[in-house]
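Reading the sequence shown from the start, the letters are residues 1416 to 1789 in my numbering.
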Amino acid sequence: MRPELWIPGPTEVRGDILSAMAAPMIGHRSAEMRAVIQGLDPYLEALFGTSAPSHRVAVHSCTATGLMEMALRGSGERVLCLVNGAFSRRFATIAEALGKEVVRIESPAGAPPDLLAAQQQLCGETFDAVTVCLSETSTGVAVTPAEVSDALGERGGAMLVVDAVTYLGAAPIDAAANGLDFVLAGTQKALALPPGLGLYAASAAMLERAAAAHDRGFFLDLIRITEAHADGRPPMTPTISLHLALLRQLQDIEAGEVELELTDEAAEDLAQLDGWQRRYRRHARMRDMTGEFLAARGLAPLGGRPASPSVTCAPIGGRDVPALLERMLGRGFQLAPGYGDLRDTTIRIGHMGDHGVGALAGLLSALGAELGAD
Ligand SMILES: Cc1ncc(COP(=O)(O)O)c(C=O)c1O
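Given below as structure tokens:
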């Protein structure tokens, strides 16, 4: 039996989406492909909470890591990195690899990014960019875009570069209202698609900054890729199947019907909500269900505060993590161990994408039986 994927991405992909990906190839310079690429934009604007001219949205045929590098190449030389786990650290690692001057503000594992320290640092010094991760997948700790925006609203000329990889599609971003300059994500998390396509929104200020940067390269050139996206003609062969899948998924999400199958709430209770709101509400519910499940067993998500809308990292009270994960596999559920130093003491559950509330209840019931058996 193939286990269900409940790791923090990639996650399960619905059959309808897999079928959309199986469509025959089309020419990447055809009018049909152009229509697919340009057809994404209204949905991407709804997803990121932006509209032209304050921000422009685009996709690029690379994973989120490529977009992290794209943002750093385009935003200047001095970078302030808020590091509270492995993925937020990646921004600092990439910036250093690019020869930038990096200042890190480190928080212990399980803590949120230290926004206050960043605020103080930005008051005293000039930076070209500040990086922050909304949902640190290695620890399941999240901050909201509004928290980030409130703390870092005054930042001199620093571009606010935001990793929303396990946040986008699970909770609202409102990039324009929150003044975020560059927000990036991939497809394999809360959007429940295969990996391989990056999505971003860039502010007018970010685009202006990038236009003046001299080391943008070619493949990760924010200006080249954004312009080409707007024209529907990427400068390389795009991941055509993934574009088709993304368009189908965004259409389905906006229509809101799929949510009726994935939630346990009555259709009339959701009638006033659009498709995005329904999806965010289900993700919040799944996060809360997971938190309540842990609390009932005297456990708590790492960090003690409400976990990310898509990933919970749970210390499991001295139990043997590999053995527990193996027994869960036997029950048909693939979970992940903690990341790095947390590998032997925690498990991670990816309650994201197109996993339904009923399916999560099934997983938690199996996990409860296994935890009880110890
Ligand atoms: C928060 C976060 N940022 C960045 C990445 C990197 O994404 P990718 O592996 O798709 O490049 C991941 C991947 O899990 C992530 O969870």
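C-beta: ideal position from N, C-alpha, C; glycine also.
Anyone know if the C-beta pair for V1580 and F1597 falls short of 8 Å?
No; because the gap between Cβ atoms is not below 8 Å, this pair is not in contact.
Using CA coordinates, which residue listed in L1757, C1548 and R1449 is at the minimum distance from R1734?
L1757
Chain-order list of residues whose beta-carbon lies under 7 Å from that of G1525 (same chain, five-residue window excluded):
T1554, V1556, L1717 and G1718
Within 10 Å of its beta-carbon, does H1629 have 16 or more other beta-carbons around it, so buried, or fewer, so exposed?
exposed
Confirm the yes/no value for this check: CB of T1581, any heavy atom of ligand 1, distance under 7 Å.
Indeed, a heavy atom of ligand 1 lies less than 7 Å from the Cβ.
Collapsed DSSP secondary structure at G1613 in the structure displayed
strand
Excluding the five sequence neighbours on either side, which residues of its own chain have a C-beta within less than 8 Å of the C-beta of I1422, listed in chain order?
Q1749, L1750, A1751, R1763 and G1765
Minimum Cβ-Cβ distance from R1570 to chain B less than 8 Å
In the structure shown, chain B cannot be found, because there is only a single protein chain.
Given a cut-off of 8 Å on the beta-carbon distance, is the pair T1727 and R1696 in contact?
no
Put G1601 into one of helix, strand or coil per three-state DSSP.
Correct three-state label for G1601: strand.
Once the 5 residues before and after E1521 are set aside, which same chain residues still bring their CB inside 7 Å of it?
V1498
Hey, would you say G1768 sits closer than 8 Å to L1657, going by beta carbons?
no
Give me, in chain order, the residues of the same chain whose beta-carbon lies closer than 6 Å to that of G1594; leave out the 5 immediate sequence neighbours on both sides.
For G1594, where only same-chain residues beyond five positions count, the Cβ hits under 6 Å are S1564.
Return the bridge partner residues of D1578 from the DSSP annotation.
C1548 and L1599
Can you find the residues in the same chain that come closer than 8 Å, C-beta to C-beta, to L1685, ignoring five residues on each side of it along the sequence?
G1671, E1674, L1675, T1678, R1693 and R1696
Over the uninterrupted beta strand (DSSP E) stretch that includes L1635, give me the two end residues.
Neither: L1635 is in no beta strand (DSSP E) and is coded neither H nor E.
Span of the beta strand (DSSP E) around H1475:
Where H1475 is concerned, the enclosing beta strand (DSSP E) stretches over H1470 to H1475.
Alpha carbon to alpha carbon, what distance is there between P1587 and L1462?
7 Å
Where are the alpha helix (DSSP H) runs, 4 residues long or more, that stay fully inside the region 1701-1758, in chain order?
1736-1745
Any heavy atom of ligand 1 closer than 7 Å to the beta-carbon of S1522?
no
Enclosing alpha helix (DSSP H) for V1451 [first to last residue]
A1446 to G1454
Confirm the yes/no value for this check: CB of A1722, any heavy atom of ligand 1, distance under 7 Å.
no
Going by DSSP, name the residue or residues bridged to V1556.
E1551 and A1722
For A1586, which three-state DSSP category applies?
strand
Nearest CA to the CA of T1760: which residue from A1729, R1746 and E1511?
A1729
For E1511, list the residues DSSP reports as bridge partners.
Answer is none; E1511 lacks a bridge partner.
With a CB to CB cut of under 7 Å and the five nearest residues on each side skipped, what residues in its chain are close to P1650?
R1639 and A1643
Quick one, which of A1544, L1662, S1490 and F1502 has its alpha-carbon nearest E1447's?
L1662
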